[in-house]
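Novice: For the sequence shown, the working numbering gives the first residue as 6, with consecutive numbering after it.
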Amino acid sequence: NPFIFQHNFLHQILDEEILQDIYDAISGRKSVSFDYNNNHKENITPIKVKTDYCFGRKYLIGFDIKKSRISIFRVDKITNITEDTGGYS
């Protein structure tokens, strides 16, 4: 059957370490900093992670501290994630 692996996205395994850091920040109510799309640094307070099952992408929804608004980031474009000392306001 050619559709046996239709919704089996193996590239998600590469994002597991970043997702673990995000989930730790959400449960610990911490903010994080990370490089996004290899061109700028983001500083956010993560709220939740959503999955697009059609394409297998995961998205981080969080409060962008610099812009004072909710922003959405593709998890596969996040690198060098670190926990900040701040937290939820």
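We put the beta carbon where it would ideally sit given N, CA and C, even for glycine.
(1) Starting from the Cα of residue 52, find the closest Cα among 45, 60, 44, 68 and give me that residue.
(2) Given this structure, state the Cα-to-Cα distance separating residue 80 from residue 34, to the nearest angstrom.
(3) Taking the runs of the alpha helix (DSSP H) that are 4 residues or longer, which of them lie wholly in the stretch 16-46?
(4) Just the Cα atoms here: how many angstroms apart are residue 31 and residue 88?
(5) For residue 64 and residue 38, what's the separation of their Cα atoms in angstroms?
Specialist: In terms of the structure at hand:
(1) 68
(2) 19 Å
(3) 21-33
(4) 11 Å
(5) 16 Å
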